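S.K.:
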Amino acid sequence: MSANDASPLFFSALLARSSANINASTTVKVGSAGSLVGVWPVALCESHPSILNWKNSGFSLTTNYTITLQTGPKNCGGNVGGNWGVLDFNGGANSTRETIAWVQNGYNDALDVGDTVLGSPGGLTSSIGIETMIGKTVLIALFDQALASGSNANYRITGFVRSVLIGARLTGAAASRSLTVRFETAMVDRPSASVGSGSNFGITTWAICAYDNKGAC
66 MSANDASPLF
76 FSALLARSSA
86 NINASTTVKV
96 GSAGSLVGVW
106 PVALCESHPS
116 ILNWKNSGFS
126 LTTNYTITLQ
136 TGPKNCGGNV
146 GGNWGVLDFN
156 GGANSTRETI
166 AWVQNGYNDA
176 LDVGDTVLGS
186 PGGLTSSIGI
196 ETMIGKTVLI
206 ALFDQALASG
216 SNANYRITGF
226 VRSVLIGARL
236 TGAAASRSLT
246 VRFETAMVDR
256 PSASVGSGSN
266 FGITTWAICA
276 YDNKGAC
């Protein structure tokens, strides 16, 4: 982006000049989100077929995907459910009230690609208010590795995807519990994200990287 303007020269009468042109430019880089504020406390395995289909389509699909709790690829899971994992962002006592606040508003600090986040025991249940988000947009963290189990579970974050929550089934056996989502693309405002080097799952952001051609882009 560049701009130019004419500025008056108040002390230039002696040089017979009344104005001068001033040029300035700013360079912006656009890339996948390396960090994100407002992330939902429910994460998804990045190798799930729904994510792979979404990415391979060039982010053009408008399919609704019903993703169950425990039927994901084993390379994401170990002893933890291969798909949806409930996150404990701050590693605290993780009360139900705190998780509900994250479900409804997202986590208010930045979550970075490469972070390892603890899991919350109990998994997907109706007690954390997920049904209140049906029809709304959520920012889902993706992971490529989940280790241990229960309160010792941890997830390695690799990226983010924006989704509309279409439906939820949170009763019955754990294997039958599911969320139905539709993925969307998004350009996230800079105060809420930073450009990173991780994989692009449809969420991009921007950063100023040079002024007047000085900087590293």
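Numbers given in our numbering equal positions in the sequence shown, counted from 1, plus 65.
Built from N, CA and C at the ideal position, the CB exists for glycine as well.
What you are looking at is a predicted structure, and each value in this text was computed from that prediction instead of being measured.
1. Are the CB atoms of S122 and G59 within a distance shorter than 7 Å?
2. Is DSSP giving S122 helix, strand or coil here?
3. Quick one: any contact between the stretch 237 to 246 and the stretch 125 to 134, if contact means 3 or more CB pairs under 8 Å?
4. What's the call for G237, buried or exposed, on a 16-neighbour Cβ count within 10 Å?
5. Assign N219 to one of two classes, buried (16 or more other C-beta atoms within 10 Å of its C-beta) or exposed (fewer than that).
6. Please report how far the alpha carbon of L101 lies from the alpha carbon of F225, in whole angstroms.
7. Quick check: the Cα distance between A166 and T197, rounded to an integer number of angstroms?
8. So, using beta-carbon positions, are V104 and Y172 closer together than 7 Å?
9. Taking the CB atoms as reference points, tell me whether A272 and V253 lie closer together than 7 Å.
10. Going by CA-CA distance only, name the one from F208, T128 and L126 that's closest to G184.
11. Quick check on DSSP: helix, strand or coil for L117?
12. Runs of 3 residues minimum, wholly inside the stretch 190 to 243: which ones carry the beta strand (DSSP E) assignment?
13. Do you know how far the Cα of N129 is from the Cα of G150?
14. Which same chain residues end up closer than 6 Å to S265 when comparing Cβ atoms and leaving out the 5 residues on each side of it in sequence?
15. Express the C-alpha separation of L109 and L126 in angstroms, rounding to a whole number.
M.R.: This is what the structure gives:
1. Since the first residue of the chain shown is 66 and the last is 282, residue 59 is not available in this structure.
2. In the structure shown, S122 sits in coil (DSSP, three-state: anything other than H, G, I, E or B).
3. The stretch 125 to 134 and the stretch 237 to 246 touch, with three or more beta-carbon pairs separated by less than 8 Å.
4. G237 comes out exposed.
5. In the assembly as shown, N219 is a buried residue. Its beta-carbon has 16 or more other beta-carbons within 10 Å.
6. Distance from the CA atom of L101 to the CA atom of F225, rounded to whole angstroms, is 8 Å.
7. Our two residues, A166 and T197, have alpha carbons roughly 11 Å apart in a direct line.
8. Contact: yes.
9. No, they are not a contact pair.
10. Nearest of F208, T128 and L126 to G184, Cα basis: F208.
11. It is helical.
12. Listed in chain order, the complete beta strand (DSSP E) runs (minimum 3 residues) inside the stretch 190 to 243 are 202 to 212 and 219 to 234.
13. Approximately 19 Å, taken between the alpha carbons.
14. Reading off the sequence shown, one finds Asn at residue 265, where the question assumed Ser. Contacts found: S97.
15. Spanning the two alpha carbons is a distance of roughly 18 Å.
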